[in-house]
Amino acid sequence: MGLFSAGDHTTSRRRFGLLPRALAACLALLSTQALAVEVTDVLGRQVDVPETPQRIVLGEGRLFYALALLDKEDPFKRVVGWQNDLRLLDPHTFAVYGERFPDINEIPLIGQASEESVSAEQILSLHPDLAIFSIAGEGPTQHSPVADLLEAAGIPVLFIDFRVHPIKNAHVSLTALGAILDKRDEANDYLAFYDEHLAAIRDHVDELTDDERPDVFMELLPLVWQAPGHTTGKSGMGDIIEAVGGHNIAADVVPGALGDVNVEYVLQADPDVYIATGNRAPGLLLGADVSQATARESFEKVLARPEFHDLRAVRDGNAHALWHDFYNSPYNILAIEAMAKWIHPERFGELDVDATRDALNDFLTLPLQGTYWLDQATDTPES
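Following this note's numbering, the numbering of the sequence shown begins with 81 at its first residue and continues without gaps.
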């Protein structure tokens, strides 16, 4: 008779089988830990993310602008859920990308275009291995309980930012995303391009005195926003106005990235330069696939409003239009250059923003084609 009875043979197989399974589980755990990537997000948090995550939820759909620089062949291939803001708030871009990548119409929605609409339960049901949120905006932010719920469930949350501190945080955001997505070269190449063009602007304006900074008023989404005077303050696009050598008149009274000023305040300040932003009806029509004629017609409607029609900037032909979503995009280097030309034409008369756009398009599978900025007084805007 052998060493084991028939019953003992079964027991022994179970006992000896435990070792390979336990060992495999330990090795898998160690492998996962070894392959985890630690990055720093824009809040200064150290975030551990599984290497090369394949199931990503975007807290705002428009955060895909950054993915388009990194996952060039298909910016949506890892996106298993997002908010509906791209479709609702930047419909021209959604339509262009939807034609090339029709599957984006099937990406599950975690909410519409407000933080309140976001469902943590819906996010969890998608089994993501990473959630990417912005620190402010229409989706879950740094103060949202949604982020806490996800992290409690073991889902890492990375906060990025292109809207509150658009220049500084473009670097932090793209560096973190490049590391997480194993697209470091793509991120570094774009940031080198970005820095080169930014430095050329700063070299010409960093030594300006306050008296040499023209007064600028930027009105966000005129005719879309309920009342005139929606604007940017001490951060957001206000950062860009200051970076290109302008004085943002709203920064004197609006402490944050967004706020409202009354018409009388703007009329009394009587700025040297007026800039309006837009991307959809009934306001300015700018962005992907928008023709120059369509954009100009919509801009003329904005300038015809009685509230700001008599501004010196409008009378003198120093009014300009800008694609609204530059305020929340790593493509904002184009806004930086366009605004530099508008605010300091004597310093940047030779600056070719069209050429910069062509160079930026080399980083994208779908190039930026359409009208993204417009001058009131000339016939040489984007087409």
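Just so it is clear, CB atoms sit at the ideal spot from N, CA and C, and this is done for glycine as well.
Just so we're clear, the structure is a prediction, and the values are computed from it rather than from any experiment.
Going by DSSP, F388 is part of no alpha helix (DSSP H) at all; its letter is neither H nor E.
Residue pairing by DSSP places G358 opposite W403 in a beta bridge. Of R125, L414, L169, the smallest CA-CA separation from I215 is found for R125. Bounds of the beta strand (DSSP E) holding F297 are 295 to 300. The three-state secondary structure of E153, taken from DSSP, is coil. DSSP places G318 in the helix class (H, G or I) of the three-state scheme. The shortest C-alpha to C-alpha distance from Y407 to any of E231, N249, Q306 is the one to N249. In the displayed model, A368 falls within a strand according to three-state DSSP. Collapsing the DSSP output to three states places L206 in coil. Note that the region 194 to 211 does not touch the region 176 to 185; fewer than 3 beta-carbon pairs, one per stretch, sit closer than 8 Å. Listed as beta-bridge partners of S214 by DSSP are I240.
Between the C-alpha atoms of E118 and R360 there is a straight-line separation of about 39 Å.
Note that the C-beta distance between G161 and P188 is below 7 Å. In the structure shown, the three-state DSSP call for N441 is helix. Taking 4 residues as the shortest admissible run, the region 164 to 191 contains the following complete alpha helix (DSSP H) segments, listed from N- to C-terminal end: 165 to 169, 171 to 180. Spatial neighbours of D170 in its own chain (CB-CB distance under 7 Å, excluding positions within 5 residues in sequence) are listed in chain order as R142, N359, G367, D405. In this structure H327 is buried. Its beta-carbon is surrounded by 16 or more other beta-carbon atoms within 10 angstroms. Of all C-beta pairs linking the region 271 to 288 to the region 301 to 321, fewer than three are shorter than 8 Å, placing the two stretches out of contact. The closest CA to that of S194, considering only F181, K263, F213, is found on F213. The Cβ neighbour count for P410, taken over all protein chains shown within 10 Å, is at least 16; the residue is labelled buried.
DSSP, reduced to helix, strand and coil, places I235 outside both helices and strands of the structure shown, so it counts as coil.
Residue state for G309 is assigned as coil, using DSSP reduced to three classes. Within the same chain, and ignoring the five residues on either side of S197 in sequence, the residues whose Cβ sits closer than 6 Å to its Cβ are G191. DSSP places I247 outside both helix and strand once states are collapsed to three, so it counts as coil. With 16 or more other Cβ atoms from the protein chains shown falling within 10 Å of its own Cβ, H400 counts as buried. L138 sits away from V122, with the two beta carbons spaced by 7 Å or more. Contact fails between the region 330 to 338 and the region 268 to 280, because fewer than three Cβ pairs, one in each stretch, are under 8 Å apart. In this structure D369 is in contact with G450, their Cβ atoms being roughly 5 Å apart against a cut-off of 8 Å.
Shortest Cα-Cα distance from G339 to any of D455, Q222, M298, E426 involves M298. Taking 7 Å as the cut-off, the beta carbon of V353 is found no closer than this to the beta carbon of A323. For the 7 Å CB-CB criterion, V382 and L365 do not form a contact.
Separation of L347 and M419 (C-alpha to C-alpha, rounded to the nearest whole angstrom) is 21 Å.
With a cutoff of 7 Å on beta-carbon distance, L147 and P155 are scored as near each other.
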